[in-house]
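Chains A and B, in that order, give the protein sequences. Taking our numbering, the leading residue of the first sequence gets 1, the next gets one more, and so forth. Taking our numbering, the leading residue of the second sequence gets 1, the next gets one more, and so forth. Data block below; observations after.
There are 2 protein chains.
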Amino acid sequence: MSLFGRAARLSTITSGAIRRRTTTTTSKTTRQCIFYKRYRQLSTKTAKTAASSDSWILELQSHLATTEVEFSVNKYELERHGRGESYHPTETPDVVVCPTSVDDVITIVQFCAKHKIPIVPFGVGTSVEGHVCCLQGGISLDMKNFVNMEIPNMEDDLLPDPIATVGAGVTRNTLNEALRHTGLQFVVDPGADATLGGMVATGASGTTAVQFGTMRENILAVQCVLADGTLVNTGTKALKNSAGYDLLGLLCGSEGTLGVITEITVKLHPIPENVMAAVCVFDSLQDAAQTVTMLKLCNIPLLRCELLDAMSVKAFNQYQEQQPNNTATKREEKPTLFLEFQAPSMTSLEEQVQMTQSICQDYGGSGFDYCSDEEERKALWAARHSLYYASVKLRPGAKGAILTDACVPLSQFASVIQETAQEIEEKGVVAPTFGHAGDGNFHTIIPIGEDDSEEYIETLHEISNNIVLRSLAAGGTCTGEHGVGYGKTKYLEQQYGPGAVHMMRLVKKSLDPHNIMNPGKVIPN
Amino acid sequence: MSLFGRAARLSTITSGAIRRRTTTTTSKTTRQCIFYKRYRQLSTKTAKTAASSDSWILELQSHLATTEVEFSVNKYELERHGRGESYHPTETPDVVVCPTSVDDVITIVQFCAKHKIPIVPFGVGTSVEGHVCCLQGGISLDMKNFVNMEIPNMEDDLLPDPIATVGAGVTRNTLNEALRHTGLQFVVDPGADATLGGMVATGASGTTAVQFGTMRENILAVQCVLADGTLVNTGTKALKNSAGYDLLGLLCGSEGTLGVITEITVKLHPIPENVMAAVCVFDSLQDAAQTVTMLKLCNIPLLRCELLDAMSVKAFNQYQEQQPNNTATKREEKPTLFLEFQAPSMTSLEEQVQMTQSICQDYGGSGFDYCSDEEERKALWAARHSLYYASVKLRPGAKGAILTDACVPLSQFASVIQETAQEIEEKGVVAPTFGHAGDGNFHTIIPIGEDDSEEYIETLHEISNNIVLRSLAAGGTCTGEHGVGYGKTKYLEQQYGPGAVHMMRLVKKSLDPHNIMNPGKVIPN
């Protein structure tokens, strides 16, 4: 099974698990988490829109009568589009609209601007902080028809530019599939098979960010439609550009609140010929974290660098045992580093791995193991890719989880995780932690069961909240890669102080004065 | 002589050359370039300010009476602060003000907001597109007192974070000097010894961007004061952050038009132990450019990758010959690549160089030469670092030059430079081209002599203009690293279309509604 296949399957399972939880949430008081209570109040704002929805939807349809734009008010489609893979409660749109051209998007946005109707852009719904939730109803703008792809032509006499221009609805696996014959790949890997439009909007990253950076470092140009219907082309096909404000950066991570992204030009990288994965076990998180810092200080170019705490390894072992025909070796339940390297030649690669082994040993690492075989590497990374599901499974009866995402300076990485683990243990909760150690970014997965008491759920949210507070105190951020959505708006002022939030509000208001673009997201109310 | 030493010396010489030209410009019609004619009109706006300048300066001084803020209306200081290293005409401020604390900056900005007085932040004036020119008079805000430095503590038991937090007035050489004992360095190298505040404001880059990226990829946090006096802290000390809009990106490259940058947290990188430089000569620019693309497609991690056209090599040779006690070998006057590599070990390094040599030979490269000796490397790079001055010297009687800065997709790099060289030859002009080939970024240096006719100067500006038009047609940008200043505002709409400029205007207006922050820069009037 390929890594991509595994990721796609995981994404389906996860979304199923969350769907069930969400459905229950709306019918049982005990399921109403603190976020839900807060945002129910917001959703009363949709009353007016909902009452008049038939008429405005019909009017919009008549505006687009000569186009191929699809509309849907099918209950399942509304539910699916309002949810994403978030653990936050779902609020559905009034209608799902699927434009087929940039002109359609402009028409829809101008109509919404005139009638003050919210628009929430939608890719495939893999975001996890409630980004696609339609807090104030309105339109879920599904970009599934934006699937154009312009990829390097390898038949040219001249070597092509390693870049691709794609529609916002193209997923990263689709792009990489199309690129297969070119020897190039798009490298940002958030796990899920997200759309490129969604990945720009969320400012996605993942396991490869330690070497290649996040979406921001991997996009060259973005086309988008602003809230007043203006079509904006920003960036160029050149690798550097200092002409005017960095609108590309502003749009990257704007989570649909500043405009609708329609097309993206991304950088591509050669598929490495020589890749090696390695594993090493440590007695403490501190030793593992120090090893990572030392690897970076020694200029070892890490392709991936993931840390699993002891409970994550336990989750992995238990998950593996439950698989049919399991033959995997049980891993030692200790802090473990999963590493990956690439180099222009096998000699350089082997040298990198040997230097790494030596540094690991300096910090008490044991059981250092490595492999270059593709299948073996895939099996190794499957451990990392199945960790969300494995963590949920660790707690019998759990059907979903609170998914946390904090990032701290490398020097604080071990102590923040250690303190989190201690709180988790003291409160008698099951919650493994793993993450992108090379960036100081970690996720604690806090499983929730169907029969959990309100008090227990409050404890879980308390742990999640404390992870953020601890990370902020350590000089870090409330979110390293998942974004703000509506789950983390309340932390922004605490993280930056009032000045930065004031500045964000000014920018938002200037570009979306009527707050029609994904209202309730990013900026605190 | 060290690379840094050479750069610093060059900077002095350059600024001298430009100063002379500028002085002449204000007295002779023949010196009035097209930009100057245009911006003289703007400068009439300063009349009101100038007339009342004594009173407002005295009022501001009284506001700051209890502080250590320095004021200067010394003619030389006003002239120096309005100029920078730009070839564009100088407009002086009414007063130079040197705050010593963030509170001072807030007081000054609030005063200016109330009285609608322009503020132009000033580092050491190494920008080249007229960024520090006070088009509407007002205050040149000199950040020379912001020299605090927080660097990694190597005495700690824990390995420190490879980051530094510095005041906006710290120059990159000062920072690197302070870091020397840590084994770490700040890697962005624009040539000049610019301040970190200026480098953020300009979004600087240079020869190392091909490996480490530009300023945007090397800053983690920025503190700034907005036009309404709000203090903004954005970013964190974590390596990744997706909490809210990318204000860091918005400020980086904003050229003082959105706020006054007071403090910056930058990433540091280990000083590589194993470094090797190499040179290779090609029959055509196309061969050299294809070599660069192939090196990137083969995953060879280039630390620097510079291309000199034949005329640049000629300029270098001639410059060397004119040096006292010259012993340098004359280089073949053909397109030449200057490369640099680093690796965790000598084995890997040698392998990189061997692979590079083999790829160079595939594209007809000859005279491949390499060295790891530090002194030899420095001598090699001195060629690159003296190129601006060498280019000016190539034309007897020239006292300065139009410095161009375009960036195009790698596949277009050779043809754009080739077409430029052809136009230069056809028009009988002396103008070498060199640049950061790994990024597709190049500079054509077009020397201007004191006795050049108005017609000839128009021809030079025509060449400069055509470089931009050619680069835009090739999918590139009017500026790869120097920024817009007021020299390139006219190209923005042509580059992006009206939508992006509209978006930039909205952002500017929201953050600086009275246009007091560096008015006339970045955004076209």
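Ideal Cβ positions, reconstructed from N, Cα and C, are used throughout, including at glycine. Being a predicted model, the structure only gives us computed values, none of them experimental.
Three-way DSSP call (helix, strand, coil) for residue i in this model
i, result
"Gln185 (chain B)", "strand"
"His502 (chain B)", "helix"
"Thr327 (chain A)", "coil"
"Thr30 (chain B)", "Here the model assigns Thr30 (chain B) a pLDDT of 29, short of 50, so the residue's position is not dependable, and the following value carries that caveat. If DSSP states are grouped into helix, strand and coil, Thr30 (chain B) belongs with the helices."
"Ile463 (chain A)", "helix"
"Leu3 (chain A)", "Caution is warranted here: a pLDDT of 22 is assigned to Leu3 (chain A), below 50, making its placement in the model unreliable, and no coordinate value can be reported."
"Leu196 (chain A)", "helix"
"Thr90 (chain B)", "coil"
"Thr336 (chain B)", "strand"
"Cys360 (chain A)", "helix"
"Glu77 (chain B)", "helix"
"Lys508 (chain A)", "helix"
"Ile57 (chain A)", "helix"
"Arg395 (chain A)", "coil"
"Ser62 (chain A)", "helix"
Integer-rounded CB distance, given that residue j should sit under 8 angstroms from residue i
i, j, result
"Thr207 (chain B)", "Asp228 (chain B)", "So it is not a contact: roughly 38 angstroms between Cβ atoms."
"Met294 (chain B)", "Val353 (chain B)", "The Cβ separation is near 15 angstroms, so there is no contact."
"Thr100 (chain A)", "Asn153 (chain A)", "In fact, because the Cβ distance is near 26 angstroms, the residues do not count as touching under 8 angstroms."
"Leu184 (chain B)", "Leu268 (chain B)", "4 angstroms"
"His63 (chain B)", "Ser140 (chain B)", "Incorrect: roughly 18 angstroms between the Cβ atoms, too far for contact."
"Ala168 (chain B)", "Leu175 (chain B)", "Contact doesn't hold; Cβ gap of about 12 angstroms is too wide."
"Gly249 (chain B)", "Leu250 (chain A)", "7 angstroms"
"Glu85 (chain A)", "Gly125 (chain A)", "7 angstroms"
Contact check, residue i vs residue j, beta carbons under 8 angstroms
i, j, result
"Glu481 (chain A)", "Asn441 (chain A)", "yes"
"Ala414 (chain A)", "Gly476 (chain A)", "no"
"Gln357 (chain A)", "Asn274 (chain A)", "no"
"Lys237 (chain A)", "Thr265 (chain A)", "yes"
"His131 (chain B)", "Gly483 (chain B)", "yes"
"Gly400 (chain A)", "Glu129 (chain A)", "no"
"Val69 (chain A)", "Gly244 (chain B)", "no"
"Met355 (chain B)", "Cys298 (chain B)", "yes"
"Ser411 (chain B)", "Leu159 (chain A)", "yes"
"Thr182 (chain A)", "Ile151 (chain A)", "yes"
"Cys360 (chain B)", "Cys280 (chain B)", "yes"
"Ala209 (chain B)", "Lys296 (chain A)", "no"
"Thr404 (chain B)", "Ile446 (chain B)", "yes"
"Ser372 (chain A)", "Tyr319 (chain A)", "no"
"Leu337 (chain A)", "Ala288 (chain A)", "yes"
"Thr416 (chain A)", "Arg470 (chain A)", "Looking at the sequence provided, one finds Val at residue 416 (chain A) rather than Thr. A contact, by the Cβ cut-off of 8 angstroms."
Other residues of its chain near residue i: CB distance less than 6 angstroms, five sequence neighbours each side excluded
i, result
"Cys252 (chain B)", "Val200, Gly203, Met215 and Arg216"
"Asp103 (chain A)", "none"
"Asp142 (chain A)", "Val96, Cys98 and Phe122"
"Leu247 (chain A)", "Thr234"
"Tyr370 (chain B)", "Met276, Ala278 and Val353"
"Asn515 (chain B)", "none"
"Asp512 (chain A)", "Ala227"
"Lys334 (chain B)", "Val281 and Ala310"
Own chain residues within Cβ distance below 7 angstroms of residue i, not counting five before or after
i, result
"Thr90 (chain B)", "Thr22, Glu79, Gly82, Arg83 and Cys133"
"Glu423 (chain B)", "Ile463 and Asn466"
"Lys105 (chain A)", "Before going further, note that residue 105 (chain A) is Val rather than Lys in the sequence given. These residues qualify, in order along the chain: Pro99, Val225, Val260 and Thr262."
"Pro93 (chain A)", "Leu78, His81, Gly82, Val120, Cys134, Gly137, Gly138, Ile139 and Ser140"
"Lys427 (chain A)", "Thr459 and Ile463"
Own chain residues within Cβ distance below 8 angstroms of residue i, not counting five before or after
i, result
"Phe212 (chain A)", "Val187, Val188, Asn218 and His269"
"Leu567 (chain B)", "Limits of chain B in this structure are 1 at one end and 525 at the other, which puts residue 567 (chain B) out of reach."
Min CB distance residue i to chain D below 8 angstroms
i, result
"Pro93 (chain B)", "Of the chains in the structure shown, none is chain D; the protein chains are A and B."
Residue i: CB within 7 angstroms of a non-hydrogen atom of the ligand FAD
i, result
"Val97 (chain A)", "Among the components of this structure there are no ligands whatsoever, and the ligand FAD is therefore not found."
* Count the C-beta pairs between the stretch 488 to 495 of chain B and the stretch 256 to 266 of chain A that are closer than 8 angstroms, then say yes if the count reaches three, no if not. => no
* Asked: Do three or more CB pairs link the stretch 432 to 447 of chain B to the stretch 506 to 513 of chain B at distances below 8 angstroms?
  -> no
* **Meets three-Cβ-pair contact criterion under 8 angstroms: the stretch 179 to 193 of chain B and the stretch 456 to 466 of chain B** => no
* Spell out a yes or no on whether the stretch 427 to 437 of chain B and the stretch 302 to 312 of chain B are touching, meaning 3 or more CB-CB pairs, one atom from each, closer than 8 angstroms. => yes
* Inter-stretch contact (C-beta, 8 angstroms, three-pair minimum) for the stretch 361 to 373 of chain A and the stretch 390 to 408 of chain A -> no
* Check whether the stretch 103 to 112 of chain B touches the stretch 221 to 239 of chain B, taking contact to mean three or more Cβ pairs, one atom from each stretch, closer than 8 angstroms. => yes
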